[in-house]
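Participant: Before I ask anything, let me first share the structure, which is written out below as structure tokens.
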Amino acid sequence: MESRRVPRTVSDPKVRQVGFFAPPDRSLSGPPDPASSPPLLSNISPSGNSLSPVMIPPPRHLSTDLPRHLPHPQPLLSPLRAPRANETSVPVGSYNPSEFSTPSGIADFSEDQLSPRWGRKSSSGKFATSLPSGGFGMAAANKISDANSKPGVADGGADAEVQKEKGAAAGKPLKEKTTKAERRAMQEAQRAAKAATKGKYLVLSSSWNLSRGGCFGEEETGRKTMGGCMNGSGEDRCSGKGRCGNCGGKTAGTYGTMCTVAIGGGDGGLDRVKGVKIAGGVPTGVGKFLLSCNKNSLCWVTELHLPGEGSKTVGVNSANAMKSAKPAPQKKDNSSVAASERKGGDRQTDKDRKKDVPHPRMQFDDENRVEKAKKRSVVKQAEARNRVELFRHLPQYEHGARLTDLESKFFQLGPVHPAVYKVGFRYLTGDISGGNARCIAMLQAFQESIKDYSTPPEKTLIRDLTSKINCYVSFLIECRPLSISMGNAIRFLKRRITSLPLNLSESEAITSLVSDIDRFINEKIILADNVIVKHAVTKIRDGDVLLTYASSSAVEMLLLHAHELGKRFRVVIVDSRPKLEGKMLLRRLVGKGINCTYTHINAVSYVMHEVTRVFLGASSVLANGTVYSRVGTACVAMVAHQFRVPVLICCEAYKFHERVQLDSICCNELGDAEMVSRVTGREDINSLDGWTSSENLQPLNLLYDATPSDYVSMIITDYGMIPPTSVPVIVREYGREYLLI
Amino acid sequence: MPDVHSLVNEFVIKLQKRQIEGSKTTAKLTAELLRSFISQLRLPHSNQAGALIDAVKEVGEKLITAKPVELAVGNVVRRVLHIIREEDLSITNAAVGGLNLASESDDDDGNDEYDHPVLSASAVAAAARSALRPPSLQTLLDDMPHSAANPHTSSSGGDSEGKSKSADSLRRKLKHDVIEAVNELIQEISTCHEQIAEQAVEHIHHNEVILTLGSSQTVKEFLLAAKEKNRSFRVFVAEGAPRYQGHAFAKELASSGLQTTVITDSAVFAMISHVNMVIVGAHAVMANGGVIAPVGLNMVALAAKRHAVPFVVLAGVHKLCPLYPHNPEVLLNELKSPSELLDFGEFSDCLDFGSGSGSPLIHVVNPAFDYVPPDLVSLFITDTGGHNPSYIYRLIADFYSPDDLVVRRKSAS
């Protein structure tokens with residue numbers, strides 16, 4: 001099996017290669033390097049570098065989940081891959097690595113090893129491999145034929161039926177019109193129902209193949225298809241993906257019933273039909289289990305346990321699931337059975353995932369909502385008197401008043417954990433600023449609060465903790481609007497909470513969450529910064545004049561590291577009011593003995609003549625390549641572009657976001673207007689002192705701006721150095737990964 | 001005479017000490033100084049124009065070297081030189097007309113013979129100069145009547161005494177005319193704001209959003225003129241670090257009823273997409289249409305270009321400089337005190353690091369001006385109307401004579 005699969009992997013012409021990645025033969029033939037710690041650059045072979053100036057090294061995130069979920073020794077796929085086969089998700093051919101279980105695992109799992117942990121394992125999202133799906137699919141198909149020929153297939157009729165349908169489904173053109181697919185799905189579901197009547201089993205895979213025939217993991221109109229087709233009968237591209245589907249498709253939001261089926265191929269034929277998750281119509285996306293799966297002798301079929309209802313009705317029901325929501329109460333019944341196998345939200349589609357995203361931003365020009373928000377809010381917020389018309393959709397508050405108000409409310413803020421309160425307070429005072437610092441502070445505060453958490457009686461940890469986190473988040477938003485990186489971190493945390501196994505005890509759950517948060521901070525922020533520095537330092541040569549704007553932690557680390565390496569370079573620090581963060585950077589760099597030139601942003605075109613590289617930090621990188629960063633970054637990038645100086649953005653991948661933005665007006669943050677009118681250290685500049693009394697005069701303190709992608713030469717992330725056009729690839733390929741750590 | 005020289009010296013010192021700021025003030029003061037200089041200058045009996053030009057050049061050179069960055073000084077000096085030449089030319093033309101007649105009617109008059117060659121020589125020189133000068137409609141029109149008028153004047157006739165009298169009066173007339181013309185120049189400089197502001201209504205429409213950076217008197221009057229015509233528009237003022245003149249500017253605009261928003265300079269790119277027009281003042285306009293402008297405007301101009309926002313420069317004619325820039329970012333710039341950016345006290349401890357190795361670790365760059373290349377400028381509005389950057393070289397030919405481009409005193413000859 002092993003020997004057969006590997007060559008297929010390499011030779012399969014249909015390998016779908018997305019983004020920049022190492023050549024496959026490297027991964028297969030490279031020297032075994034089990035000792036290399038994931039985040040090190042040493043993982044990138046020089047040959048890979050020479051092939052492509054920008055490449056994404058294989059992700060280097062060690063999954064600590066692994067030992068827990070995979071106690072079995074893993075068969076080695078290849079010498080190099082072996083130690084990391086399960087923790088890597090090289091974007092080969094897989095649009096949803098998380099749904100795709102490792103071939104190695106599949107190949108060697110005998111049935112008795114298929115413990116209920118399977119579900120957990122496949123849901124862990126670490127199981128993408130570099131193995132192209134096609135090869136695996138073929139293997140799976142072969143296995144399936146084996147399986148079919150074996151005697152003793154339980155409910156052979158049903159199985160055969162399934163096979164037939166699979167073939168038909170898989171043979172369909174990859175992209176089919178929705179209506180056609182749905183019609184087809186209905187037919188299939190009916191047939192499945194018939195089969196189920198015969199054998200009392202419902203082979204879910206058949207009915208769930210419906211939403212998009214054969215098209216694996218392809219995403220269309222926000223609908224994840226289940227290219228189930230574990231037995232993909234020749235159409236190798238759609239086979240073996242084990243994709244879970246959200247068969248609700250468009251209707252998911254409305255009807256909210258969806259089942260997921262994950263299918264893997266294995267020695268035993270259809271060795272796994274993974275159970276089934278109904279993400280209810282509940283917008284929170286907290287999945288409830290309707291169905292659980294059972295192992296049935298050879299072929300893994302799913303038996304439906306529905307109290308009071310025969311499986312055949314369920315078969316029909318599931319077919320109708322596209323149209324009608326299942327009653328929620330039912331879902332809970334089997335939850336305990338399915339607990340260990342639950343997929344949590346892991347298998348949710350993008351559409352569902354979006355529900356988890358903190359609500360974009362409140363539009364403050366909507367009066368009703370502003371009123372509502374005011375009633376809810378903890379901090380009393382006085383609206384700024386002279387609001388800028390153009391920015392009515394953004395919160396414009398008087399800053400001074402909020403601080404004292406919050407101080408006085410310390411003892412009234414019952415629901416807010418003191419650690420969170422402290423962080424919020426420091427946000428408000430501007431004590432913590434900078435994307436990474438704010439994100440780490442927030443996560444640590446959440447960690448504290450989780451440590452102190454105990455589930456109130458008659459409540460479930462998942463729901464209660466989520467609502468608690470929501471409460472904290474809204475408190476923090478009142479202190480200062482969330483940055484995109486914080487939004488991503490919160491999304492991660494909530495996802496972790498919702499995917500907690502139900503049978504975990506409270507203390508276990510808490511330790512798991514605490515370690516999850518630690519891991520996020522370590523891997524996504526601290527290690528990521530180290531990797532970025534290691535990448536970026538290769539771009540600094542002796543004699544360079546590097547320009548940086550304001551103060552970015554990643555760039556600072558980079559400059560210090562380059563200095564430690566003994567590179568001779570000069571730094572130009574461009575600064576701007578009102579924060580003048582560059583001064584602090586200047587002080588730190590000069591303290592280390594780096595030669596610095598300091599200037600203000602207006603003089604940037606004066607100093608740009610001598611500059612050879614521009615290194616900038618970013619608050620976020622959006623899917624259209626726009627760099628959302630400290631206001632002024634766009635100006636610097638623009639001038640650098642004009643002077644033909646390369647602009648390199650250092651940004652951790654957790655700050656990437658799938659949103660797009662064209663201008664800096666629609667989505668931004670307004671700082672304290674008073675900061676603009678008062679020039680620190682220049683008491684002679686006082687003409688704006690009484691600005692509040694003049695209704696025609698509004699100082700505007702914009703905090704961010706959006707740099708168009710054409711000004712950016714390169715974005716340096718922990719996944720490598722990429723052009724801005726590749727941002728959506730990173731978001732797409734790796735976006736799910738950290739949600740699923 | 002000594003008082004004039006002391007006046008000049010005082011002015012030079014003021015320029016060097018940067019006590020005179022702003023191109024308009026400088027231009028006006030320079031013109032006034034030159035006026036008083038000319039009025040006190042005792043002209044020789046012969047070759048008055050040449051002597052006057054030499055004297056003015058001498059003073060002009062002094063003034064220009066006092067503050068080479070302030071191009072307005074050189075502009076005014078050149079303008080005055082041009083005025084002298086023009087006046088001289090017109091007088092000579094008149095004289096040539098008279099002399100032609102004189103030489104024809106009575107060539108036996110010995111008294112006048114002495115003067116004739118000189119005058120005719122200067123007339124020839126003037127003619128040569130006018131030939132050198134690129135043809136302008138003005139000169140074409142000026143020349144036409146003379147040639148047409150010559151026969152007319154010759155027919156009128158006159159005696160030698162009258163001629164010598166007229167030559168004498170012409171001599172006195174030159175200085176007088178020059179002073180008159182310089183007065184006009186001063187007048188022009190002081191009213192250039194109004195002249196420019198008159199055109200505001202043609203350029204600002206209702207509900208317009210205008211961005212400007214720093215402070216400029218010209219821009220202020222331009223905007224207020226449009227406001228007086230009941231155009232309602234809003235203005236974004238970038239504060240213009242490190243001098244922050246935008247603050248006072250915004251306050252003035254707001255107090256006269258304009259909706260004004262102060263933004264930091266870094267927010268220019270963010271805001272420019274919502275701006276209809278960028279209106280700024282200039283420090284000087286070079287002959288190629290490039291602009292020496294307050295620092296930061298190159299960035300604004302680039303952002304405006306990116307978003308196809310018109311970048312309009314308001315400049316009085318006295319800011320037109322007949323020179324072509326070479327490396328203007330460096331050569332026509334001025335570095336201000338670092339204390340505007342960093343407190344000396346604040347970084348005194350860090351500065352010690354440099355003392356060991358011999359070179360300081362911190363450099364602070366605080367330039368005063370930016371160069372905006374002509375392709376970033378959409379329009380110049382001067383007191384003579386709106387012009388394309390590509391037209392500036394031609395406009396300059398109307399105000400300056402090519403002989404004066406290099407203001408350097410001729411050697412003893």
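Line by line, the protein sequences give chains A and B.
Heads up: the first sequence is residues 1 to 741, going by full-length UniProt numbering.
Heads up: the second sequence is residues 1 to 413, going by full-length UniProt numbering.
Virtual Cβ for every residue (Gly too), placed ideally from N, Cα, C.
Here the structure is a predicted model, which means the values were calculated and not measured.
#1: Take alanine 51 (chain B) and list the residues in its own chain whose beta-carbon comes closer than 7 Å to its own, dropping the five residues that flank it on each side.
#2: In whole angstroms, give me the CA-to-CA distance for leucine 210 (chain A) and proline 456 (chain A).
#3: With DSSP run on the structure shown, which of helix, strand or coil describes lysine 288 (chain A)?
#4: May I have the straight-line CA-CA distance separating glutamine 396 (chain A) from arginine 387 (chain A), to the nearest angstrom?
#5: Going by the beta-carbon positions, is the gap between leucine 546 (chain A) and valine 611 (chain A) smaller than 9 Å?
#6: Which same chain residues end up closer than 7 Å to proline 578 (chain A) when comparing Cβ atoms and leaving out the 5 residues on each side of it in sequence?
#7: Check the DSSP bridge columns for glycine 617 (chain A) and list the partner residues they point to.
#8: Listing by chain order, which chain A residues have their CB less than 7 Å from the CB of phenylalanine 311 (chain B)?
#9: In this structure, does DSSP put proline 481 (chain A) in helix, strand or coil?
#10: Within 10 Å of its beta-carbon, does tyrosine 421 (chain A) have 16 or more other beta-carbons around it, so buried, or fewer, so exposed?
#11: What are the boundary residues of the alpha helix (DSSP H) that alanine 368 (chain B) is part of?
#12: Whole beta strand (DSSP E) runs in the segment 554–612 of chain A with 3 or more residues, listed along the chain?
#13: Tell me which residues share the same chain as serine 273 (chain B) and place their Cβ nearer than 6 Å to its Cβ, disregarding the 5 neighbours each side in the sequence.
#14: Alpha carbon to alpha carbon, how far is methionine 277 (chain B) from proline 367 (chain B)? Give it in angstroms, no decimals.
#15: Just to confirm, are phenylalanine 520 (chain A) and leucine 443 (chain A) a CB contact at a threshold of 9 Å?
#16: Roughly how many angstroms separate the alpha carbons of arginine 78 (chain B) and tyrosine 400 (chain B), rounded to a whole number?
#17: Would you be able to state if there are at least three C-beta pairs under 8 Å between the segment 236–245 of chain B and the segment 520–539 of chain A?
#18: Starting from histidine 609 (chain A), find everything on chain B with Cβ-Cβ shorter than 9 Å and list it in chain order.
#19: On the three-state DSSP scale, how would you describe aspartate 464 (chain A)?
#20: Take the Cβ of glutamate 10 (chain B) as the centre, count every other Cβ of all protein chains shown within 10 Å, and call the residue buried at 16 or more, exposed below.
#21: Can you list, in chain order, the residues of the segment 278–306 of chain B whose Cβ is nearer than 7 Å to any Cβ on chain A?
#22: Determine, for tyrosine 400 (chain B), whether the minimum Cβ-Cβ distance to residues of chain A falls below 9 Å.
#23: Do you know how far the Cα of proline 294 (chain B) is from the Cα of cysteine 650 (chain A)?
#24: Within 10 angstroms of the Cβ of valine 604 (chain A), are there 16 or more other Cβ atoms? Answer buried if so, exposed if not.
#25: One question on the structure: do alanine 226 (chain B) and valine 262 (chain B) come within less than 9 Å of each other, judged by their Cβ atoms?
#26: Using CA coordinates, which residue listed in B:Asn47, B:Pro360, B:Phe37 and B:Ala66 is at the minimum distance from valine 56 (chain B)?
#27: How is serine 390 (chain B) classed by DSSP in three states: helix, strand or coil?
#28: Going along the chain, which residues of the segment 632–644 of chain A sit with their C-beta nearer than 7 Å to a C-beta in chain B?
#29: Step through the CB atoms of chain D and report whether any lies within less than 9 Å of the CB of valine 555 (chain A).
#30: Tell me which residue opens and which closes the beta strand (DSSP E) that threonine 707 (chain A) is part of.
#31: What is the residue span of the alpha helix (DSSP H) that proline 418 (chain A) lies within?
#32: Helix, strand or coil for residue 421 (chain B)? Go by DSSP, reduced to three states.
#33: Quick check on the burial criterion: 16 or more other C-beta atoms within 10 angstroms. Buried or exposed for histidine 609 (chain A)?
#34: If I measure Cβ to Cβ from alanine 303 (chain B) and keep anything under 7 Å in the same chain, skipping five residues before and after, which residues do I get?
#35: Quick one, which of B:Asn183, B:Ala181, B:Ile84 and B:Val291 has its alpha-carbon nearest aspartate 403 (chain B)'s?
#36: Spatial neighbours of lysine 305 (chain B) within its chain, please: CB distance less than 6 Å, with the 5 preceding and 5 following residues excluded, ordered by chain position.
Facilitator: Working from what's here:
#1: Leu43 and Pro44
#2: Reliability fails at leucine 210 (chain A), whose pLDDT of 35 lies under 50, so the model's placement of it is uncertain and the value that follows must be treated cautiously. Approximately 42 Å between the Cα atoms of the pair.
#3: For lysine 288 (chain A), the pLDDT reaches just 32, beneath the cut-off of 50, and the residue's location in the model is therefore unreliable, although a value from the coordinates is still provided. Here lysine 288 (chain A) sits in strand by DSSP.
#4: 7 Å
#5: yes
#6: Met675, Val676 and Asn701
#7: A:Cys650
#8: By Cβ distance, chain A contributes nothing, its closest Cβ being about 14 Å from phenylalanine 311 (chain B), past 7 Å.
#9: coil
#10: buried
#11: Note, alanine 368 (chain B): premise wrong, no alpha helix (DSSP H); not H, not E.
#12: 569–575 and 595–600
#13: His307
#14: 26 Å
#15: yes
#16: 6 Å
#17: no
#18: Glu329 and Val330
#19: helix
#20: exposed
#21: Val295, Gly296, Asn298, Met299, Leu302, Ala303 and Arg306
#22: no
#23: 32 Å
#24: buried
#25: no
#26: B:Phe37
#27: helix
#28: Gly632, Ala634, Cys635, Met638, Val639 and Gln642
#29: As a matter of chain content, chain D is missing from the structure shown, whose protein chains are A and B.
#30: 704–707
#31: 418–429
#32: Any property of residue 421 (chain B) remains undetermined from this structure, which presents chain B solely from 1 to 413.
#33: exposed
#34: Val268, Phe269 and Ile272
#35: B:Ile84
#36: Leu376
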